[in-house]
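Have a look at the structure below, then the notes.
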Amino acid sequence: MAAGFDPSGRLPDVFTNAGTSSFTTFLSRVAPEMLPGRRPLPPGMAADLAPHATTIVAISAAGGVVMAGDRRATMGNLIAQRDIEKVHPADAYSLVGIAGTAGIGIELMRLFQVELEHYEKIEGAMLSLDGKANRLASMIRGNLGAAMQGLAVIPLFAGFDLAASDPARAGRIFSFDVTGGPYEETGYDAIGSGSLFAKSALKKRYRAGISVDDAVRLAVEALYDAADDDTATGGPDLTRRIYPVVMTATAEGTHRLTDAETATIAEGVVAGRMENPGG
């Protein structure tokens, strides 16, 4: 039972009095053991005890940003899950993808979604994109103890900046290190075990001002290249009809491509590589 609960069933004052706009701070006061980074862990490394999510890419486009993630989770040399979803909307205008320990990553991502929703309800306004990135950075920092034992989570955050002076350049991308340091990226970025290969593909193909549709195709191609060289990254599975999760954030909000839309793009990429395997 969380500290401070009245056995009579009445909510304690902390739930009814005006408090902080940060849900994470509120949770640290009421039930700190529920925070991902506050749970006690046994001594030693634990990296091989849980599935790991792998490659995420994000691309800034004219009028928005695209984020895509493969569907594979691995545990050592085994495929733990073939259809995990690593890219989700953080709120109405931003996206978050996770790489690293899958269970902690999904929990942290959900907590981040609640954090942003809680802020809007308390303050009556949406956090700025920089503010969202800083909130996520502090949550990653709270997981540092677990990360030092091998249970690291590294997210990729991107969104449409409603305060941007030029809507065509409103798509912004933020990466993080394991200590929670936030860094704004220019043009594109990737995280996870296949990120080296994904970024190498993007480096050759990306052009500033690319359209959202072209960025979607480029993201799927980058994930294909990552899967081609990284065993922990899953490519399009035509047999099981499992394709990358692809989402966009524009002035109209966040949008996830349907399975049919992603299948058409992925199958086109695979068909092109059948004719030219090298690119």
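Position one of the sequence shown corresponds to residue 1 (UniProt numbering), numbered consecutively onward.
Heads up, the beta-carbon is just placed ideally off N, CA and C, and yes, glycines get one too.
Query                                                                                                      : Result
Helix, strand or coil at residue 290 according to DSSP, with G and I counted as helix                      : Residue 290 lies beyond the range of the chain shown here (1 to 279); nothing can be said about it.
Counted within 10 angstroms of its Cβ, other Cβ atoms place S195 as buried (16 or more) or exposed         : buried
Inter-residue CB distance, V245 and R72 (contact presumed, cutoff 8 angstroms)                             : The pair is not a contact, with the Cβ atoms about 12 angstroms apart (cut-off 8 angstroms).
Start-end ranges of the beta strand (DSSP E) lying completely within the region 77-125, minimum 3 residues : 78-81, 87-91 and 94-101
Three-state class that DSSP yields for P155 in the structure shown                                         : strand
Assigned exposure category for N276 - 16 Cβ within 10 Å defines buried                                     : exposed
Coil, strand or helix - T231 by DSSP                                                                       : coil
Same chain only: Cβ atoms within 7 angstroms of A80, ignoring 5 sequence neighbours per side               : P51, A73 and T74
Cβ pair A208, G63 closer than 8 angstroms                                                                  : no
For I173, the three-state DSSP class (helix, strand or coil)                                               : strand
Rounded Cβ spacing between I140 and G180 (contact assumed at less than 8 angstroms)                        : 4 angstroms
Buried or exposed (CB count within 10 angstroms, at least 16 for buried), K86                              : buried
Residue environment, K132, which counts as buried when at least 16 other CB atoms sit within 10 Å          : buried
Whole runs of the beta strand (DSSP E) within the region 216-260, excluding any shorter than 3 residues    : 245-250 and 253-256
Cβ contact (3+ pairs, closer than 8 angstroms) linking the region 117-136 and the region 212-219           : no
Rounded straight-line distance, which links the Cα of S193 to that of A163                                 : 33 angstroms
Alpha-carbon spacing of R240 relative to Y224, whole angstroms                                             : 16 angstroms
G145, DSSP secondary structure in three states                                                             : helix
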